[in-house]
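Here the structure is laid out as structure tokens; the discussion comes afterwards.
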């Protein structure tokens with residue numbers, strides 16, 4: 752789900768980068784929690800993180816990095 756206050760083009764770009772990063776972790780035998788840890792994010796408490804949710808959380812973290820840089 753794209754944040755409402757974000758440009759759709761930027762969201763698609765960040766989602767693509769997050770998918771690529773998760774694909775690399777997956778190919779190396781990693782889990783969604785490993786992918787989140789690579790970006791300094793903690794897994795969600797009490798539930799097993801699935802790949803689609805990990806991709807979304809990583810994309811959101813990329814958004815916050817870009818906003819701080821601007």
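Numbering (the working numbering), first residue to last: 752 to 821.
Virtual Cβ for every residue (Gly too), placed ideally from N, Cα, C.
On a Cα-Cα basis, can you pick out the residue from the options that is closest to residue i?
i	options	result
residue 773	788, 762 and 760	788
residue 745	759, 796, 755 and 784	Residue 745 lies beyond the range of the chain shown here (752 to 821); nothing can be said about it.
residue 782	803, 813 and 812	803
residue 790	778, 814 and 796	814
residue 810	775, 762 and 757	762
For residue i and residue j, what's the separation of their Cα atoms in angstroms?
i	j	result
residue 771	residue 798	24 Å
residue 800	residue 777	13 Å
What is the residue span of the alpha helix (DSSP H) that residue i lies within?
i	result
residue 763	759-778
residue 787	783-789
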